[in-house]
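Peer 1: Mind having a look at this structure? Questions to follow.
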Amino acid sequence: MSKGRYGIHGGQYIPETLMNEIIHLEECYEQCQRDEAFNRELNRLLSEYAGRPSELYFAKKMTEDLGGAKIYLKREDMNHTGSHKINNVLGQVLLAKKMGKSRVIAETGAGQHGVATATAAALLDMECEIFMGKEDTQRQALNVYRMELLGAKVHPVTTGTMTLKDAVNAAMREWASRVSDTLYVLGSVMGPHPFPLMVRDFQSIIGKEARAQILEAEGRLPDAVVACVGGGSNAMGLFYRFLKDEQVRLIGCEAAGLGVETGKHAATIAKGSLGIFHGMKSYFCQDKFGQIAPVYSISAGLDYPGIGPEHAQLHDMGRAEYVPITDEEAVAAFEYIAKTEGIIAAIESAHAVAYLMKLAPQMGKEQVIIACLSGRGDKDVAAIAKYRGVNIVE
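Sequential numbering of the sequence shown, starting at 1, is according to the UniProt record's numbering.
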């Protein structure tokens, strides 16, 4: 099978009960790609509802302070619901309606994908249920309340480490038990084909806009684009439109937690190995017996033991670079961009900012970097305060 494969990665490693539904989903998605009415409606929602195009902001103060390359920030945090997740869910929930479904389910880690899915479901009159690790419901309690306000039912998942991996397990089990009226709206470029392809396509608007915006602003392509990577949806959305521009470095920043040598991290490329999980072949953090290993990050959205199969292929090809960023580096970057540019970025995005702070001073003043701010950081303020030993009483 070549379709749905990214080199040796990707595929459809799923139970037989899901096979017909996956084939049906792939066929419906291919039809929608050619359907002018579907694309017109999606583009209208992205423009009038989600607020696209998102801004490409020249970070003048960071550029001057860091003393190297010009820094631009792709402001996905300014989208409706506060992250890039809305790009993908509007596409998938529209697709669900086209397939005749009345119910969508989703997994979420930091809560941003859950909030976006609940939002699109409310807008398009779909029943919505969200699966979220119990640990994440506690560290992202604000987003749980937002999902419930939007009419979604949130299921705290109490198995395993009670984080994103376990939420995906629960959502997949639920989908397998009820495919007749339900579509699983997957939140990242992972899972069985066609999910990595669909999510990449829906998120590629990030790179499409960024490419046009930087050509208008600077009259040239950037020297590097940088984004955080868990499953990798915002990064793949940014990278995709630059894949053929070989002079543009593609850099993904993965969660090193307490450090890649401590065992307390989610740095899949740095420390993972080839395996099969959640319906795909890719790189995963595994123990010596090949079992999926517990992972850790201060960021609930990056706290996942694998990476999307297209990222794994880009790593194998040497087309993209993947670098680990620790909790401490990300928290320092979270504080830096707030004080320097007046932007409270998501702790996920702060991993990209942290590497930006290392890279920019090494580059010339005529060079250009674009970093993706995948989401806003309101949800993370209490966690950052706790990390710094500050007790916030709401």
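Note that CB positions come from ideal geometry on N, CA and C, so glycine has one too.
This one's a predicted model, so the numbers in the text were calculated from it and none came from an experiment.
Would you kindly work out how many angstroms separate the C-alpha atoms of A59 and N87, rounded to a whole number?
Peer 2: For A59 and N87, the distance between alpha carbons rounds to 24 Å.
Peer 1: Compare the beta carbon distance of E127 and R146 with 8 Å and say whether it is the shorter of the two.
Peer 2: No, Cβ-Cβ distance for E127 and R146 is not below 8 Å.
Peer 1: Does the Cβ of V390 have 16 or more other Cβ atoms within 10 Å, making it buried, or fewer, making it exposed?
Peer 2: So V390 counts as exposed.
Peer 1: For T262, count neighbouring Cβ atoms within 10 angstroms of its own Cβ and tell me buried if that reaches 16, exposed if not.
Peer 2: Label assigned to T262: exposed.
Peer 1: Counting C-beta neighbours from all protein chains within 10 Å, is the total for D378 16 or more, i.e. buried, or is it exposed?
Peer 2: Exposed, because fewer than 16 other Cβ atoms sit within 10 Å of the Cβ of D378.
Peer 1: Could you tell me if T158 is buried or exposed, where buried requires 16 or more neighbouring beta carbons within 10 angstroms of its beta carbon?
Peer 2: When all chains shown are included, T158 counts as exposed.
Peer 1: Counting along the chain, where does the alpha helix (DSSP H) carrying residue 397 start and finish?
Peer 2: In this structure the chain extends from 1 to 394, so residue 397 is not present and cannot be described.
Peer 1: Could you spell out where the beta strand (DSSP E) holding S273 opens and where it closes?
Peer 2: Run containing S273: 273–277, per the beta strand (DSSP E) assignment.
Peer 1: Tell me the DSSP secondary structure of H351 in three-state form.
Peer 2: Here H351 sits in helix by DSSP.
Peer 1: Between the Cα of Q286 and those of M280, G82, P294, spot the shortest distance and give me the residue it belongs to.
Peer 2: Of M280, G82, P294, the residue nearest in Cα terms is P294.
Peer 1: Counting C-beta neighbours from all protein chains within 10 Å, is the total for M357 16 or more, i.e. buried, or is it exposed?
Peer 2: Counting Cβ neighbours within 10 Å, M357 comes out buried, since at least 16 surround it.
Peer 1: Assign H351 to buried or exposed, taking buried as 16 or more other Cβ atoms, counted over all protein chains shown, within 10 Å of its Cβ.
Peer 2: By the neighbour-count rule (16 or more Cβ atoms within 10 Å), H351 is buried.
Peer 1: Closest by CA to E55, which one among L46, R75, S47?
Peer 2: The candidate whose alpha carbon is nearest that of E55 is R75.
Peer 1: Taking the alpha-carbon of R241 as reference, which of F202, A118, H278 has the nearest alpha-carbon?
Peer 2: The residue with the shortest Cα to Cα distance from R241 is F202.
Peer 1: Given a threshold of 16 other Cβ atoms within 10 Å of its Cβ, counted over all protein chains shown, does N20 qualify as buried or as exposed?
Peer 2: Its Cβ having fewer than 16 others within 10 Å, N20 is exposed.
Peer 1: Are there 16 or more other CB atoms within 10 angstroms of the CB of G375, so buried, or fewer, so exposed?
Peer 2: Flag for G375 reads buried.
Peer 1: Does the distance from the C-beta atom of L164 to that of G109 stay below 8 Å?
Peer 2: Yes; because the gap between Cβ atoms is below 8 Å, this pair is in contact.
Peer 1: Using a Cβ-Cβ cut-off of 6 Å (strictly less than) and excluding sequence neighbours within five positions of L137, which residues of its own chain qualify?
Peer 2: Looking at the sequence shown, residue 137 is not Leu but Thr. The residues are V144, P156.
Peer 1: Where does M1 land, buried or exposed, given buried means 16+ other C-beta within 10 angstroms?
Peer 2: Unreliable positioning characterises M1 in this predicted model, as indicated by a pLDDT of 48, which lies under 50. A coordinate reading is not provided.
Peer 1: With respect to the beta strand (DSSP E) encompassing P294, which residues constitute its N-terminal and C-terminal limits?
Peer 2: No beta strand (DSSP E) holds P294; DSSP gives it neither H nor E.
Peer 1: With DSSP as the reference, label V189 as helix, strand or coil.
Peer 2: In the structure shown, V189 sits in coil (DSSP, three-state: anything other than H, G, I, E or B).
Peer 1: When DSSP labels each residue in this structure, what does Y336 get in the three-state scheme?
Peer 2: Helix.
Peer 1: Return yes when the Cβ of A69 is within less than 8 Å of the Cβ of G364, no when it is not.
Peer 2: Yes, the Cβ-Cβ distance between G364 and A69 is below 8 Å.
Peer 1: Identify, in the order they occur along the chain, each residue of the same chain with its Cβ nearer than 6 Å to the Cβ of I205, setting aside the five sequence neighbours on each side.
Peer 2: Taken in chain order, the residues that qualify are N87.
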